[in-house]
Amino acid sequence: MSGHSAGSVARVGNNPFLKAVAALSTLCGWTSAALVVAAVAITCQMIFIRFVLNGSTVWQTEAVIYLVIASTLIGLPYVQRLRGHVNVDLVPLAVKGRARKVLGIAVLLAAIAIMGVVLFYAVELWLFAYERNWKSDTVWGVRLWIPYLAMPVGFGLLTLQLIADLVAVLTNVEPPFGIDEDPLTVHAGAEGARDAEGL
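The numbers in the numbering used here rise by one with no breaks, and the one at position 143 of the sequence shown is 221.
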């Protein structure tokens, strides 16, 4: 990742659709964080039961696994909104103007298509688990449609955030790849200003 995109957030402008998706993605971030906190609390409770009360645990390990996986999946749209996913912007930096915008649109369309396929199979798996009443092969025997629900929710909202990113680029709310101008020019200009101050 280059320095220019660090800490950036998807822009929404005055577009109500972009604002709604941003709010939804932010809610996903808070939900993801809450799931991690719940997993930590359950882990602490499990440790207390095992090593202080010298008792046995039944559901805790499985619950923590499901919570951490759900946290990862539900947090996807929030990470996309914050531009936190790993990216390589060598090609976007090499092209400029209209070519960069075309490339940005093509990349977003490809990402939406791929996430659409993943979402389709996630929904299909979740429906199988629900309709066939699948349960985990553990003492707890949790109904698997409950933890599996994190897959269609997470990938669905990530797809929605990608669609919002595409709308933002198409409506010029946000530049493609979040690159306002050539970062090398900006960097060189900043160095020139520092040199001038040093004289």
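Note that CB positions come from ideal geometry on N, CA and C, so glycine has one too.
Taking C-beta to C-beta, are residue i and residue j nearer than 7 angstroms?
i      : j      : result
SER110 : ARG159 : no
SER134 : GLY256 : no
ARG128 : GLU252 : no
VAL302 : ALA117 : Nothing can be reported for residue 302, as the shown portion of the chain is limited to 79 through 277.
PHE233 : ALA200 : yes
Whole-angstrom Cβ separation of residue i and residue j, contact assumed at under 8 angstroms?
i      : j      : result
VAL136 : ILE183 : Actually they are not in contact, since the Cβ atoms of VAL136 and ILE183 sit about 51 angstroms apart, beyond 8 angstroms.
VAL169 : LEU181 : 7 angstroms
In angstroms with no decimal places, state the Cα-to-Cα distance between residue i and residue j.
i      : j      : result
GLY107 : LEU236 : 12 angstroms
VAL195 : TRP204 : 14 angstroms
ILE125 : GLU140 : 14 angstroms
GLU202 : ARG161 : 29 angstroms
SER29  : LEU187 : One cannot answer for residue 29 here, as it falls past the ends of the chain, which runs 79 to 277.
ILE120 : LEU240 : 33 angstroms
GLY91  : LYS97  : 8 angstroms
THR249 : ASP258 : 15 angstroms
GLU209 : TRP223 : 9 angstroms
LEU131 : VAL220 : 25 angstroms
PRO94  : ASN211 : 40 angstroms
GLN138 : PRO254 : 44 angstroms
ILE143 : VAL114 : 10 angstroms
PHE206 : LEU197 : 14 angstroms
PRO155 : TRP218 : 31 angstroms
GLY51  : ALA112 : The question about residue 51 has no answer, for the chain in this structure spans 79 to 277.
VAL185 : LEU105 : 26 angstroms
ILE192 : ALA242 : 16 angstroms
CYS122 : LEU238 : 35 angstroms
VAL245 : ALA172 : 23 angstroms
VAL157 : ALA101 : 13 angstroms
VAL164 : THR216 : 36 angstroms
Taking 6 angstroms as the cut-off, is the beta-carbon of residue i closer than that to any non-hydrogen atom of the ligand ZN?
i      : result
PRO225 : In the structure shown, the ligand ZN is absent, as is every other ligand, since no ligand is present at all.
So, is the C-beta of residue i closer than 7 angstroms to a C-beta in chain C?
i      : result
GLU209 : Checking the listed chains, one finds no chain C in this structure; it contains a single protein chain.
Runs of alpha helix (DSSP H) lying entirely within the region 188-230, each at least 4 residues, in chain order: When DSSP assignments are scanned along the region 188-230, the uninterrupted stretches of alpha helix (DSSP H) that are 4 or more residues long and fall wholly within it turn out to be 223-226.
Validate contact between the region 135-153 and the region 227-246 using beta carbons, cut 8 angstroms, 3 pairs: Under the 8 angstroms Cβ criterion, the region 135-153 counts as touching the region 227-246, having at least three qualifying pairs.
Any beta strand (DSSP E) of 3 or more consecutive residues that is wholly inside the region 97-179: Runs found: none.
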